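Colleague:
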Amino acid sequence: MGCVQSFREICDRQKNTNVRLSLPAVCFVWQTAMIILFGVFIRYNEESDTHWVEHRKANNISSDIENDFYFRYPSFQDVHVMIFVGFGFLMTFLKRYSFGAVGFNFLIAAFGLQWALLMQGWFHSLDYTDGKIKIGVENLINADFCVAGCLIAYGAVLGKVSPVQLMVMTLFGVTLFAVEEYIILNLIHARDAGGSMVIHTFGGYYGLSISWMLYRPNLDQSSRLQGSCYHSDVFAMIGTLFLWMFWPSFNSAITDHGDGQHRAAINTYLALASTVLTTVAISSLFQKHGKLDMVHIQNSTLAGGVAVGTAAEFMLMPYGSLIVGFCCGIISTLGYIYLTPFMEKHLKIQDTCGIHNLHAMPGVIGGIVGAITAAAATESVYGREGLVNTFDFEGAFKDMVPTRQGGHQAAGLCVAICFGIGGGILVGCILRLPIWGDAADDNCFDDESYWELPEDEESVPPILQYNNHMRNKDVSPDQSG
Amino acid sequence: MGCVQSFREICDRQKNTNVRLSLPAVCFVWQTAMIILFGVFIRYNEESDTHWVEHRKANNISSDIENDFYFRYPSFQDVHVMIFVGFGFLMTFLKRYSFGAVGFNFLIAAFGLQWALLMQGWFHSLDYTDGKIKIGVENLINADFCVAGCLIAYGAVLGKVSPVQLMVMTLFGVTLFAVEEYIILNLIHARDAGGSMVIHTFGGYYGLSISWMLYRPNLDQSSRLQGSCYHSDVFAMIGTLFLWMFWPSFNSAITDHGDGQHRAAINTYLALASTVLTTVAISSLFQKHGKLDMVHIQNSTLAGGVAVGTAAEFMLMPYGSLIVGFCCGIISTLGYIYLTPFMEKHLKIQDTCGIHNLHAMPGVIGGIVGAITAAAATESVYGREGLVNTFDFEGAFKDMVPTRQGGHQAAGLCVAICFGIGGGILVGCILRLPIWGDAADDNCFDDESYWELPEDEESVPPILQYNNHMRNKDVSPDQSG
Amino acid sequence: MGCVQSFREICDRQKNTNVRLSLPAVCFVWQTAMIILFGVFIRYNEESDTHWVEHRKANNISSDIENDFYFRYPSFQDVHVMIFVGFGFLMTFLKRYSFGAVGFNFLIAAFGLQWALLMQGWFHSLDYTDGKIKIGVENLINADFCVAGCLIAYGAVLGKVSPVQLMVMTLFGVTLFAVEEYIILNLIHARDAGGSMVIHTFGGYYGLSISWMLYRPNLDQSSRLQGSCYHSDVFAMIGTLFLWMFWPSFNSAITDHGDGQHRAAINTYLALASTVLTTVAISSLFQKHGKLDMVHIQNSTLAGGVAVGTAAEFMLMPYGSLIVGFCCGIISTLGYIYLTPFMEKHLKIQDTCGIHNLHAMPGVIGGIVGAITAAAATESVYGREGLVNTFDFEGAFKDMVPTRQGGHQAAGLCVAICFGIGGGILVGCILRLPIWGDAADDNCFDDESYWELPEDEESVPPILQYNNHMRNKDVSPDQSG
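Chains as they are written, first to last, in full-length UniProt numbering: chain A, 1 to 481; chain B, 1 to 481; chain C, 1 to 481.
1) Return helix, strand or coil for C/ASP127, following the three-state DSSP convention.
2) Which residues in the same chain as A/TYR269 place their Cβ atom closer than 7 Å to its Cβ, once the five residues preceding and following it in sequence are excluded?
3) Establish whether the CB of B/ALA110 and some CB of chain A are separated by less than 8 Å.
4) For the putative contact between C/LEU302 and C/TRP244, defined by C-beta atoms under 8 Å, what is the C-beta separation to the nearest angstrom?
5) Along chain A, in chain order, which residues have C-beta atoms closer than 9 Å to that of C/GLN287?
6) For the putative contact between residue 494 of chain A and A/ALA236, defined by C-beta atoms under 8 Å, what is the C-beta separation to the nearest angstrom?
7) Report the partner residues of B/ILE135 according to the DSSP bridge assignment.
8) Determine the burial state of residue 485 of chain B: buried for a count of at least 16 other Cβ atoms within 10 Å of its Cβ, exposed for fewer.
9) Please report how far the alpha carbon of A/ALA307 lies from the alpha carbon of A/GLY325, in whole angstroms.
10) Return no unless some Cβ of chain B is closer than 8 Å to the Cβ of C/MET91.
11) For A/TRP451, which of helix, strand or coil comes out of DSSP?
12) Look up C/LEU94 in the DSSP assignment and give the residues it is bridged to.
13) Counting only beta-carbon atoms, is residue 555 of chain A nearer than 8 Å to chain B?
14) Out of C/TRP30, C/GLY195 and C/THR129, which one is the CA nearest neighbour of C/GLY412?
15) Exposed or buried, what is B/TYR450 when buried is set at 16 or more other beta-carbons lying within 10 Å of its beta-carbon?
16) Along chain C, in chain order, which residues have C-beta atoms closer than 7 Å to that of A/SER63?
17) List, in chain order, every chain A residue whose beta-carbon is nearer than 9 Å to that of C/GLU448.
18) What are the residues that DSSP puts in a beta bridge with A/LEU292?
19) How would you label A/ASP130, buried or exposed, when you count the other beta carbons within 10 angstroms and need 16 or more for buried?
20) Looking only at C-alpha atoms, which of A/MET315, A/ASN389 and A/SER211 sits nearest to A/GLU344?
21) Below 6 Å CB to CB, which residues in the same chain sit around B/ALA271 once its five sequence neighbours on both sides are set aside?
22) Specify, as a first and last residue, the run of the alpha helix (DSSP H) that B/CYS328 falls within.
23) Chain A partners of B/GLY88, CB-CB under 8 Å?
24) Would you mind sorting A/THR403 into buried or exposed? The rule is 16 or more other CB atoms within 10 Å of its CB.
25) Going along the chain, which residues of its own chain have a beta-carbon closer than 7 Å to the beta-carbon of B/THR170, five neighbours each way excluded?
26) Assign C/LYS345 to one of three DSSP states: helix, strand, or coil.
27) For A/PHE104, which of A/LEU23, A/VAL29 and A/PHE177 has the nearest alpha-carbon?
28) If you draw a straight line from the C-alpha of B/ASP78 to the C-alpha of B/PHE250, how long is it?
29) I'd like to check one pair, B/GLN120 with B/ALA190: are the Cβ atoms closer than 8 Å?
30) So if I threshold CB-CB distances at 7 Å, which residues from the stretch 93 to 109 of chain C count as touching chain B?
31) If A/ILE238 and A/ASP144 are in contact, beta carbons under 8 Å, what's the gap, nearest whole angstrom?
32) So which residues on chain D does C/PHE69 lean against when the C-beta distance must stay under 8 Å?
33) Can you give me the Cβ contacts of A/SER459 inside the same chain, cut-off strictly under 6 Å, excluding the 5 residues immediately before and after it?
34) So, are the CB atoms of C/VAL137 and C/ASP64 less than 8 Å apart?
35) Grab me the residues of A/ILE297's own chain with a C-beta within less than 8 Å of its C-beta, minus the 5 sequence neighbours each way, in chain order.
36) Can you tell me the Cα-Cα spacing of A/LEU433 and A/VAL164, whole angstroms?
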């Protein structure tokens with residue numbers, strides 16, 4: 001702690017948000033690197049290559065419709081919407097940071113997915129015969145998933161970091177994600193279809209640790225910009241709803257063909273529906289006069305989708321999904337009411353979007369639910385073949401049993417937490433270097449720092465304008481407007 | 001009438017919009033009930049259960065792609081978007097009720113779909129061998145459909161009811177819907193793929209009757225909030241467009257595999273395109289200086305989708321779809337211009353969103369078009385097998401002929417109207433009880449009642465601010481903002 | 001030139017934006033014509049007709065899932081979203097032309113797609129046995145594509161034309177498109193899956209030529225309305241993101257089943273990701289203080305999708321897609337910075353949305369990339385069967401070789417440019433007639449001309465309000481608001 005503290009002090013510096021050299025440099029260098037690495041490593045797989053027709057005939061596949069594209073493309077597009085519109089617009093709630101929310105989300109997602117294709121490709125899709133990564137639609141989905149982890153982390157530091165810092169955060173985030181995912185899914189053999197552990201727990205703690213490392217003691221100097229305005233809250237609901245509606249696609253996108261995708265979609269649909277009701281209940285109950293708080297509606301309603309991620313493909317049962325959603329709505333909303341202020345005050349973690357309540361906690365719950373559900377699986381419920389299919393008890397793991405699988409799930413959860421916290425502290429150190437162009441404490445949450453803003457008198461509170469006007473002794477209509 | 005009148009007077013009361021106890025109570029009790037009922041009744045069907053692999057082999061199904069999930073999931077997601085973004089944002093047009101529009105839409109849809117899965121399940125998906133309801137993706141679509149009926153009704157009372165009243169309205173609405181649907185589709189054997197009768201006619205008259213029961217003679221006291229502002233109209237266009245674009249999925253979501261879904265999508269696409277042109281024409285023709293009215297563009301452009309709902313799966317022919325759309329654009333827009341003010345003044349029906357013009361009338365037209373198209377069906381056009389497939393002339397109805405089917409369709413329409421009006425009056429009585437926390441007449445259409453609003457000086461007309469300011473003798477710049 | 005100039009002067013006239021007769025007349029006449037023509041010509045094809053069941057059995061098709069509907073419907077819906085929400089909202093960036101942007105886009109797309117079904121049907125889907133056009137889901141996609149060309153052209157004249165002019169522009173645009181497309185795809189046998197040439201190059205030059213013909217020397221009189229405001233820029237990002245996310249569906253919607261659709265989606269996904277980074281880099285590098293410009297983020301990020309359109313179905317290779325995107329981000333952004341002002345000043349082309357940078361230039365690049373990629377195709381990369389499939393070397397073209405195909409691609413590009421420029425000048429002449437109700441130079445970019453606007457004090461710069469107020473000597477709070 002002392003060490004971290006002194007490192008923080010070393011890094012305190014005069015702030016300069018000019019990224020005119022650093023941002024283009026990072027973009028060009030990294031995009032060029034991507035092109036070179038893609039040239040060396042990445043090729044189409046047998047389902048997206050022109051040899052598909054021959055492959056089809058050789059493998060006795062009766063129709064083009066059996067191409068994995070048709071199993072997964074609709075879900076892929078839904079996930080894509082979640083990443084770019086969902087995450088992007090969810091963060092537009094701040095009154096003067098909508099450009100940064102949706103624009104930087106766009107930038108880091110577009111970079112992250114390229115790097116993710118490489119990192120995940122090396123671990124999962126490397127063809128050892130020619131040393132190439134062979135990609136298809138499932139790789140695109142996984143790349144989007146990987147990016148989701150970094151976008152979650154962005155939520156914790158929204159408005160407080162520069163785009164260059166975000167690019168660095170994404171570079172390391174994707175790298176850590178790919179390693180963590182390989183350990184959890186392949187080495188530990190945990191199942192995590194919707195990424196409760198791999199995506200949400202990791203992404204949540206990664207962002208929170210970075211935010212802790214970048215703690216700004218005087219952030220209240222920009223408190224005037226920390227709230228929402230009426231229309232920015234409506235914009236944020238666009239993000240909320242597209243995340244909410246397409247979450248069934250998120251959790252079912254890479255599950256097994258057939259019943260796996262079908263069941264994951266149903267479970268997620270139900271869990272999310274249940275969350276909405278308990279979120280509304282708690283929001284109303286804990287607010288003066290029973291009024292609802294948009295922050296809760298925008299965020300906590302999604303917690304059920306996070307928490308059902310791991311178990312969505314299991315036989316969680318419809319009522320099981322409802323119970324998971326029920327609990328998460330309560331916990332997440334209470335988190336916004338009590339935990340976020342507590343963390344800011346006592347733990348020095350400033351969590352702009354409350355990702356602890358929306359991703360980290362529900363992710364951990366999701367991991368636990370997954371472990372319990374897996375441990376409780378029986379042949380009478382799943383059927384012999386169903387059990388093997390669902391938990392992939394094949395190859396090196398053909399002697400696995402449900403109870404042990406439960407233990408492996410729990411181990412996976414621990415790995416995700418460790419990678420999140422450890423990685424976040426490491427990357428936080430890097431991001432404290434005084435070279436990244438982040439804003440000063442009194443200048444956070446302001447698009448002014450990184451965006452050309454329209455000359456837009458509307459957006460300044462009008463009475464201030466009037467007062468400025470008066471002070472300038474300049475009331476003639478010709479000079480205004 | 002006299003009885004209703006006196007009942008109204010009895011219910012007049014001091015208004016209190018505090019729902020701090022009632023709303024959480026309703027949410028918790030009902031969600032808990034859902035969990036218990038789902039635990040007792042709801043299970044996965046054979047296509048979403050882990051036994052699918054064995055089922056597939058036993059039934060000689062060659063590929064996972066034959067799972068109903070792949071036939072319907074893309075349409076399901078489109079319908080889901082219509083329910084949550086489409087209906088939600090369509091209602092954001094009011095300048096200060098966007099939170100209520102999109103937020104309460106979210107709440108009642110999330111509750112309604114759970115209750116719909118149960119109600120519709122008992123009627124349609126009950127497995128008599130074990131007494132369980134077996135659900136798959138088609139049930140999810142039907143639940144969304146059922147909810148649509150209640151959201152239509154919400155449009156009539158938008159801004160005038162409390163969230164608790166909406167929950168009650170949805171509980172009864174879903175119940176009535178399921179019964180009505182069972183009578184129309186199963187007992188009467190009418191076909192209604194896109195729900196012109198079952199969803200739109202029922203939902204429209206249900207909402208209008210409730211609005212009539214809740215008539216507010218002094219609603220003009222909140223007329224300052226009854227209009228739109230520039231940006232709220234743009235938000236509403238998000239709703240309009242997502243409804244418009246995905247309506248082909250709505251009407252084809254539960255039709256027969258193959259040509260049924262294909263044809264329903266084409267017919268709906270064409271009807272909607274045609275409606276846009278006649279809506280624009282009438283809107284311009286009846287407005288001073290030929291200017292277009294956003295209310296018409298936001299709403300009447302959708303009427304063609306409603307009116308083609310029943311006949312979309314029939315051989316309506318492309319030009320038939322265009323004609324239906326042509327007429328509905330005219331009728332619906334004229335409805336907004338003449339009928340809505342007439343109904344408010346003379347029939348005491350205050351219809352906030354004009355659902356009579358968008359859902360009720362076009363729904364009735366859709367029912368009539370369906371009856372005519374069915375009665376006119378011939379083997380030469382449909383083919384023998386096509387006729388049987390399309391109208392489901394099988395089992396108990398294997399001796400059915402098209403002309404008689406036309407009569408059954410008409411009967412179905414009558415049932416929908418009766419259930420809508422009767423159910424609406426009944427539920428309206430309940431909603432008049434002085435316990436629900438709805439706003440006073442001068443306080444309608446205001447998010448202030450149920451939402452914590454951002455301190456958002458922008459949204460108050462600026463000159464009022466200035467005046468308030470002056471009255472407070474408080475012009476120092478430091479204290480403002 | 002001199003001739004054009006004098007024609008321009010002849011057409012100068014007193015402006016009157018009242019379209020109360022002309023707009024309804026055009027809508028009614030054209031929609032009625034559509035109904036008649038559809039009645040005479042358009043029928044369902046064998047996959048959307050009730051005879052499908054018999055067709056299936058006769059052709060030994062094992063399952064309903066082989067209906068083309070299931071191969072293309074998800075992509076169709078994505079394309080539909082791009083046309084209506086994507087193009088519509090992308091143009092909402094102007095502070096007072098959001099109604100016109102999204103509303104007129106809606107109107108002309110709804111008309112254009114009907115006319116496109118006919119025009120394209122005559123060329124591509126005419127059944128010579130009965131003289132009918134047989135339509136299915138692929139026709140719907142192609143109609144949407146055709147409309148896209150006209151919507152691109154709308155971008156160049158946004159805010160400067162009346163809805164009647166737009167209808168005329170769309171009528172001719174669709175007609176020209178269908179002829180041009182037939183020449184390029186069928187006669188020249190060029191391939192153009194994503195329409196780099198057929199849609200974007202044609203649409204871009206069509207719009208630019210019209211804008212040149214309609215040059216307004218005094219357009220700076222409405223410069224006060226030519227910019228964006230904060231929220232209008234966020235609305236425009238909705239358009240940008242839906243275009244960006246669904247572009248893989250656009251480029252893969254009508255490619256070959258199986259690997260063709262799969263590969264086109266992957267290539268487009270990658271090209272677009274790469275474009276985002278170079279757009280951000282150039283935007284920051286060329287702006288004072290390194291601040292990003294929303295115009296670039298909203299538009300140039302999409303250029304990669306345009307430029308990869310033709311080659312998306314070829315074996316462009318993942319790194320090839322990245323390179324295309326890389327270059328287009330740079331060129332398109334530099335176009336906004338240098339070329340658009342240059343064209344306005346020296347070429348008298350006023351390009352409201354900068355379609356030259358987003359569609360025309362990237363479209364030409366796409367045509368060139370397509371020609372090179374086709375010419376470089378080899379059997380070792382594609383496989384014998386893959387080569388024949390991908391380039392359709394069948395029937396009359398069975399002796400075609402890749403190098404010659406490259407030449408045909410280049411010829412196709414020239415045809416698209418010629419049709420765009422020639423058609424645009426022709427239609428521009430028609431649109432200069434003084435009968436269409438377009439606005440005066442000082443009245444452009446203002447929804448006031450064609451829309452009933454809400455009484456919306458917010459949207460007037462507040463200090464002006466205050467001043468107006470003062471001048472009216474009318475400060476009493478009762479009369480304001």
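Where a beta carbon is used, it is the ideal one built from N, C-alpha and C, also for glycine. Keep in mind the model is a prediction, meaning the values are calculated, not measured.
Modeller: Inspection of the coordinates gives the following:
1) strand
2) In its chain, beyond the 5 residues on either side, PRO248 have a beta carbon closer than 7 Å to the beta carbon of A/TYR269.
3) yes
4) 6 Å
5) In chain order: ARG20 and GLU452.
6) A query on residue 494 of chain A cannot be resolved here, the shown segment of chain A reaching from 1 to 481 and no further.
7) B/TYR44
8) The requested residue 485 of chain B does not occur in the structure, where chain B is confined to residues 1 to 481.
9) 7 Å
10) The C-beta of C/MET91 comes no closer than 8 Å to any C-beta of chain B.
11) strand
12) C/SER228
13) Within the shown structure, residues of chain A are numbered from 1 to 481, placing residue 555 of chain A beyond reach of any answer.
14) C/GLY195
15) buried
16) GLU66
17) Ordered by position in chain A, no residue passes the 9 Å Cβ test against C/GLU448, which lies about 17 Å from the chain.
18) B/TRP451
19) exposed
20) A/SER211
21) GLY304, VAL308, SER321, VAL324 and GLY325
22) 318 to 334
23) MET237 and LEU241
24) exposed
25) ILE108, PHE111, GLY112 and CYS150
26) Here C/LYS345 sits in helix by DSSP.
27) A/LEU23
28) When rounded, the distance between both Cα atoms is 7 Å.
29) no
30) SER98, PHE99, VAL102, GLY103, PHE106 and LEU107
31) Wrong, their Cβ atoms sit about 19 Å apart, outside the cutoff.
32) You won't find chain D in this structure, because its protein chains are A, B and C.
33) Below a pLDDT of 50, predicted positions are generally treated as unreliable, and A/SER459, at 45, falls in that range; the measurement from the model is reported next regardless. For A/SER459, where only same-chain residues beyond five positions count, there are no Cβ hits under 6 Å.
34) Going by beta carbons, C/VAL137 and C/ASP64 fall outside the 8 Å limit.
35) MET237, THR240, THR279, VAL280 and SER283
36) 12 Å
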